[in-house]
Ligand SMILES: [Zn+2]
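What follows is the structure, given as structure tokens:
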């Protein structure tokens with residue numbers, strides 16, 4: 002009996018740890034968007050679903066934003082979370098939209114990705130946990146970072162339409 006209580010307490014404590022980790026370090030509370038796979042399938046196109054929810058990658062030079070130069074904000078195609086500004090977008094020559102910084106560190110999460118025999122850092126939306134792309138350390142100043150993001154993971158909001 003004692004053991005069960007201990008296990009229950011342990012699970013409860015772990016849940017608290019998990020919850021506190023979800024919140025950005027800055028202490029800004031972000032409403033999480035959580036949907037089932039079925040709900041995601043209903044609100045995304047099959048191509049978007051494959052990128053955002055199954056961690057796919059669109060073919061280089063096929064996306065609508067790799068060569069897009071308008072002024073505005075790039076938001077998550079899954080939940081409209083504002084992710085990147087056109088101010089930090091640059092042409093990396095890779096065929097995917099590239100940014101040297103996120104709009105705010107709390108907008109995206111990163112984690113190690115060892116899939117396909119590579120060591121990469123995956124970038125996900127902090128609000129809906131959708132896969133966006135990867136971040137590499139070969140970007141321009143001042144950050145030296147290259148957020149290599151799938152066009153299909155993004156929607157664009159032009160500045161004057163905001
Ligand atoms: Zn999102």
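Numbering (our numbering), first residue to last: 2 to 163. The C-beta atom is built at its ideal place from N, Cα and C for all residues, glycine as well.
With contacts defined by Cβ atoms closer than 8 Å, residue 99 and residue 153 do not form a contacting pair.
Note on the stretch 18–89: whole alpha helix (DSSP H) runs with a minimum of 4 residues are 38–44 and 47–53, in chain order. Under the DSSP definition of a beta bridge, residue 99 partners with 91 and 149. Environment of ligand 1, chain-ordered: 77, 79, 80, 82, 126, 128, 129 and 131, taking every residue with Cβ within less than 6 Å of a heavy atom. A check of alpha carbon separations from residue 106 across 52, 127 and 160 identifies 127 as the nearest. In the DSSP annotation of this structure, the continuous segment of the beta strand (DSSP E) that includes residue 156 starts and ends at 155–159. With fewer than three CB-CB distances shorter than 8 Å, the stretch 59–76 does not count as touching the stretch 108–116. Across the structure, residue 40 and residue 56 are spaced so that their CA atoms are roughly 17 Å apart.
Nearest neighbour of residue 96 by Cα position, chosen from 74, 134, 158 and 81, turns out to be 134.
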